[in-house]
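In the working numbering, the protein residues as written are 540 to 642. C-beta atoms are modelled at their ideal positions from N, C-alpha and C, and glycine is treated no differently. Bear in mind the structure is a predicted one, so any value in this text is a computation, not a measurement.
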Amino acid sequence: MLNNQELTSTTDSPTDAPTIDTSHELKWRRTLRKKLINCLVLIENHGKPTQELMYELRKAKEALTYWNSDTATWEKHSMVFPVTMPVPQTELQIPEVDDVTLD
Numbered sequence: 540m541l542n543n544q545e546l547t548s549t550t551d552s553p554t555d556a557p558t559i560d561t562s563h564e565l566k567w568r569r570t571l572r573k574k575l576i577n578c579l580v581l582i583e584n585h586g587k588p589t590q591e592l593m594y595e596l597r598k599a600k601e602a603l604t605y606w607n608s609d610t611a612t613w614e615k616h617s618m619v620f621p622v623t624m625p626v627p628q629t630e631l632q633i634p635e636v637d638d639v640t641l642d
């Protein structure tokens with residue numbers, strides 16, 4: 540059984556050494572397996588290369604690349620950039636026309 544623990548885990552282990560979380564590797568292994576099975580099904584059903592088969596092969600290659608890497612790039616992160624509200628156009632241009640007074 541796969542035993543995943545975070546690097547900062549305080550659980551007792553036989554060697555008392557922290558283990559590295561490899562759940563991202565498990566995700567990419569499953570993805571690669573699924574994409575390759577889809578490729579076999581498309582080959583059996585169509586018998587010739589199709590656009591759908593090329594797409595599945597490309598995704599399988601991507602999953603293999605990520606599975607072989609040591610980074611979990613599939614985790615989504617968001618960044619917030621503070622922006623100031625623009626000044627309304629009426630405040631940027633001061634009118635040069637005098638008020639009309641009616642006598």
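Sub-8 Å separation of residue i and residue j beta-carbons
i	j	result
A599	K566	no
T623	A602	no
Candidates the options: closest to residue i by CA position
i	options	result
E591	W606, C578, P625	C578
Proximal residues to residue i (C-beta, below 6 Å), its chain only, five neighbours per side dropped
i	result
S617	none
Extent of the continuous alpha helix (DSSP H) to which residue i belongs
i	result
T604	590-607
C-alpha gap between residue i and residue j, whole angstroms
i	j	result
V626	E595	49 Å
R568	K587	26 Å
S562	V580	27 Å
T589	V619	41 Å
Q628	E635	15 Å
N584	I576	12 Å
Contacts around residue i, its chain only, beta-carbon distance under 8 Å, and the 5 residues preceding and following it disregarded
i	result
I582	L592
Neighbourhood of residue i by C-beta, 7 Å cutoff - its chain only, sequence neighbours within 5 removed
i	result
W606	E564, W567, R568, L571
Heavy atom of the ligand SAH within 7 Å of residue i beta-carbon
i	result
M624	Questions concerning the ligand SAH fall outside what the structure shown contains, since it holds no ligand whatsoever.
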